[in-house]
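Peer 1: Below is the structure I would like to discuss, written out as structure tokens.
Protein chains: 2
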Amino acid sequence: MEVRELVYFTAVAEELHFGRAAARLGMTQPPLSRAIQQLERRLGVALLERGGRRVALTEAGAVLLRESRTVLDAASAAARRTRRAGRGDPRLVLVIKPGGDGGLLPAILDAYQTEPGALPVELVCSFGEREILLREGRADAALLHRPHHDLTGLDTQDLLTETQVLVMPSSHRLAGRTRVCLNDLAGEPLPRWPGASEGRSHGPEIHDLGQLLHLVALRRMVAVLPSSIRDQLRDDLVAVPVDDAEPTTLLLAWPEHATSPALAAFIRTAAAVAGKTTAHGG
Amino acid sequence: MEVRELVYFTAVAEELHFGRAAARLGMTQPPLSRAIQQLERRLGVALLERGGRRVALTEAGAVLLRESRTVLDAASAAARRTRRAGRGDPRLVLVIKPGGDGGLLPAILDAYQTEPGALPVELVCSFGEREILLREGRADAALLHRPHHDLTGLDTQDLLTETQVLVMPSSHRLAGRTRVCLNDLAGEPLPRWPGASEGRSHGPEIHDLGQLLHLVALRRMVAVLPSSIRDQLRDDLVAVPVDDAEPTTLLLAWPEHATSPALAAFIRTAAAVAGKTTAHGG
DNA sequence: ACAGCTTACGTGTAACGTAAAGATA
DNA sequence: TATCTTTACGTTACACGTAAGCTGT
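Residue numbers (full-length UniProt numbering), protein chains in the order written: chain C, 1 to 282; chain L, 1 to 282.
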């Protein structure tokens, strides 16, 4: 089974139309048709049901579509990681969410730089879909939150578990409370995180923390955030605990099977710093 | 990047010798050499250092070797899963260790068969490397133990956490104790699990539970096992708790991204049965 | 009759094998 | 000099495109 065949099949399976798939691939239909036939012959399985004017996936085709994506993702990640390892200039690329480091990052970076063999750390700030950068081989590690991120395919190290607080303007109807629960938020606009499933949050789409706090100050919405956000709160905002919001765990994630000693040292350092901070900080 | 290129590179990287790699691949050296050169050109990275009589991996080559294995494993698993989905005869293949089901399996199977859309369950018994069957696409789910198995690349559902007991002949010097600790076992031969790293266990290699208990009865060794093993103990053997042995968690594991409804129902059923059992059984 | 997948056929690229050359210890 | 990788060259296989054929709607 060749990568080319999987690319072809994926295109046809997604388009459910040989002509459009061929156009997308920059080729003509006949060789595409033959390639799929050959794949079916080699697998000994029908992948597509061709009706006169309707193409549909068989059960096996649906399985192969999912599996193909895994294989193709792995292949492009492999190429990217190899290229990154080959071009000199070794760095550790860490992807973070601005304001989403629980206040730990400065201490971690300082401690890591004293490690023997420490690499320069390149910080990449990104709001949405940060875990994808890891799976694509574009980054070495990421600071993520459980349960907000999908951690399949990643190894993780827990750093810090935090309760969540409601952030709102001082003039908000709930600002005087010492605690709230999720039911109190019914009808409040909540931020829409880019890339998140189109869930119930109906507020504006958010791209960075400054924007978020600004919109909260403007009474456009309120936000439920990890309590460490308090360190970065503007004077015109207040935060009160949300009793029944699930605690959030800040964690360090990296691709499975990663073996780089520099990454291992970084993980160790981060765990040590987080452990120390938790021990006397809470 | 094509699968063929990765196969070639993997062979050379493992042999560190173009001639042997070519022989292993059933081809001659020159096209192999060219294929590697082309791969290096396309990636823009040197993968191998050719000294007159010595071939070595560059750093990038080491990265690609690891990544290649991931890609190739994913590709062959994709083919196998697709074939399994294509050949009619849908079944749920569950791999277990004889005696390693914590006594839950009969109840799980009974409950599952009452589910709508339940598939026939095929049980595969295997002692070593059970998780590999999942990664290779040969099985749909497996009963494994944490921390004994490597769970990377798998999703899991915890079923049952058990303390561990020392199993020995009634005549053993420790048989009268009500509890032991790991230090008491210094010098005792312990079973060698097939596929496990060549660790400190210096006893005979074990392939099934009957053999293990037989060898224990013959005073060839003792074994530390989950306490549910007591249900299956022969009369001439005794089990006492090991105070400082890490508790073992029996769990159900399946490949990441699995989407089969039959598997989902099986997971739900297993979790429900385990929860019920734990609730009144301890 | 038309849209769309497939078969037929001719062409070019590329992968392979044999043979010869270059490089290193 | 011996061993091992690379370059050179001729052949074969395979993937692609154009054109014609077939099939449901």
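Every residue gets a Cβ at the ideal spot worked out from N, C-alpha and C, and that includes glycine.
Everything numeric in this text was worked out from a predicted model, so none of it was measured.
Closest Cβ-Cβ distance between A79 of chain L and chain C: below 7 Å?
Peer 2: The beta carbon of A79 of chain L falls within 7 Å of a beta carbon belonging to chain C, placing the residue at that interface.
Peer 1: By the 7 Å beta-carbon criterion, what residues does the segment 242 to 269 of chain L contribute toward chain C?
Peer 2: E256, H257 and T259
Peer 1: Check each candidate in L:L154, L:H145, L:S171 and L:Q157 and name the one with the smallest Cα separation from Q164 of chain L.
Peer 2: L:H145
Peer 1: Ignore the nearest five residues each way along the sequence and tell me which others in D150 of chain C's own chain have a CB closer than 7 Å to its CB.
Peer 2: E131
Peer 1: Quick one: which residues of the segment 133 to 157 of chain L get their C-beta closer than 9 Å to a C-beta of chain C? List them in chain order.
Peer 2: G137, T152, G153 and D155
Peer 1: Measuring only between beta-carbons, confirm whether E67 of chain L sits less than 7 Å from chain C.
Peer 2: Answer yes: the Cβ-Cβ gap between E67 of chain L and chain C drops below 7 Å somewhere.
Peer 1: Name the two residues that bound the continuous beta strand (DSSP E) containing P120 of chain C.
Peer 2: Here P120 of chain C belongs to no beta strand (DSSP E), and DSSP marks it neither H nor E.
Peer 1: Have a look at G275 of chain L and V45 of chain C and give me their C-alpha separation to the nearest angstrom.
Peer 2: For G275 of chain L and V45 of chain C, the distance between alpha carbons rounds to 40 Å.
Peer 1: From the DSSP secondary-structure annotation, give me the bridge partner or partners of P241 of chain L.
Peer 2: L:V165
Peer 1: Nearest to R135 of chain L by alpha carbon, out of L:A271, L:M1 and L:H257?
Peer 2: L:H257
Peer 1: With a threshold of 6 Å on Cβ separation, who are the neighbours of G282 of chain C within its own chain once the five nearest residues in sequence on each side are excluded?
Peer 2: Here the model assigns G282 of chain C a pLDDT of 34, short of 50, so the residue's position is not dependable, and the following value carries that caveat. There are no such residues.
Peer 1: Assuming G51 of chain C is part of the beta strand (DSSP E), what are its boundary residues?
Peer 2: L48 to G51
Peer 1: Taking the Cβ atom as the reference point for each residue, do E122 of chain L and V93 of chain L lie within a distance shorter than 7 Å?
Peer 2: yes
Peer 1: Using 8 Å as the threshold, is the segment 249 to 266 of chain C in touch with the segment 178 to 189 of chain C, meaning 3 or more CB pairs across them?
Peer 2: As far as the Cβ criterion goes, the segment 249 to 266 of chain C does not touch the segment 178 to 189 of chain C, which means the pair count is below three.
Peer 1: Give me the Cβ distance between M1 of chain C and R53 of chain C, rounded to the nearest whole Å; I'm assuming they're in contact under 8 Å.
Peer 2: Not quite, the Cβ-Cβ distance comes to about 29 Å (not below 8 Å), so this is no contact.
Peer 1: How about T82 of chain L: is its C-beta nearer than 7 Å to some C-beta of chain C?
Peer 2: Chain C contact via Cβ: present.
Peer 1: Would G86 of chain L count as contacting chain C if we go by Cβ distances under 7 Å?
Peer 2: yes
Peer 1: In whole angstroms, what is the alpha-carbon distance linking E5 of chain C and P106 of chain L?
Peer 2: 43 Å
Peer 1: Got a sec: which bits of the segment 44 to 61 of chain L sit with their beta carbon under 9 Å from any beta carbon on chain C, in order along the chain?
Peer 2: Taking 9 Å as the Cβ-Cβ cut-off against chain C, the residues of the segment 44 to 61 of chain L that qualify are G44, V45, A46, L47, T58, E59, A60 and G61.
Peer 1: Quick one: grab the DSSP three-state call for T114 of chain L.
Peer 2: coil
Peer 1: So T70 of chain C contacts chain L; which residues on that side make the cut at Cβ distance below 8 Å?
Peer 2: A74, A78 and H257
Peer 1: Please classify H124 of chain C as buried or exposed, where buried requires at least 16 other C-beta atoms within 10 Å of its C-beta.
Peer 2: As written in the sequence, residue 124 of chain C is Val, which differs from the His given in the question. Exposed, since its Cβ has fewer than 16 Cβ neighbours within 10 Å.
Peer 1: Which residues in the same chain as A265 of chain L place their Cβ atom closer than 6 Å to its Cβ, once the five residues preceding and following it in sequence are excluded?
Peer 2: Contacts found: E115.
Peer 1: Since residue 297 of chain C sits in a beta bridge, which residues does DSSP pair it with?
Peer 2: Here chain C has residues from 1 to 282 only, and residue 297 of chain C is not among them.
Peer 1: Tell me whether L209 of chain C sits in a helix, a strand or coil according to DSSP, three-state version.
Peer 2: helix
Peer 1: Would you check if the segment 165 to 175 of chain L and the segment 216 to 236 of chain L touch, i.e. whether three or more CB-CB distances between them fall below 8 Å?
Peer 2: yes
Peer 1: Using DSSP with H/G/I as helix, E/B as strand and the rest coil, what is V124 of chain L?
Peer 2: strand
Peer 1: Is the Cβ of L119 of chain C closer than 7 Å to any Cβ of chain L?
Peer 2: Interface residue (Cβ-Cβ distance to chain L less than 7 Å): L119 of chain C is not classified as such.
Peer 1: Could you give the residue range of the beta strand (DSSP E) that holds R179 of chain L?
Peer 2: Premise fails: R179 of chain L is in no beta strand (DSSP E) and is neither H nor E.
Peer 1: Which residues does DSSP list as the beta-bridge partners of residue 311 of chain L?
Peer 2: Within the shown structure, residues of chain L are numbered from 1 to 282, placing residue 311 of chain L beyond reach of any answer.
Peer 1: I want to verify the contact list: residues of chain L whose CB lies under 7 Å from the CB of L64 of chain C, in sequence order.
Peer 2: Per Cβ cutoff of 7 Å: A78 and T82.
Peer 1: Quick one: which residues of the segment 4 to 30 of chain C get their C-beta closer than 7 Å to a C-beta of chain L? List them in chain order.
Peer 2: For the segment 4 to 30 of chain C, the residues whose beta carbon sits under 7 Å from a beta carbon of chain L are, in order, R4.
Peer 1: Tell whether a beta-carbon distance below 7 Å holds between A60 of chain L and T82 of chain C.
Peer 2: With contacts defined by Cβ atoms closer than 7 Å, A60 of chain L and T82 of chain C form a contacting pair.
Peer 1: So what does DSSP say about L225 of chain C, is it helix, strand or coil?
Peer 2: strand
Peer 1: List the residues that DSSP assigns as beta-bridge partners of Q37 of chain C.
Peer 2: Answer by DSSP bridge pairing: none, since Q37 of chain C is not bridged.
Peer 1: With 7 Å as the threshold, decide whether the Cβ of G275 of chain L is near any Cβ in chain C.
Peer 2: no
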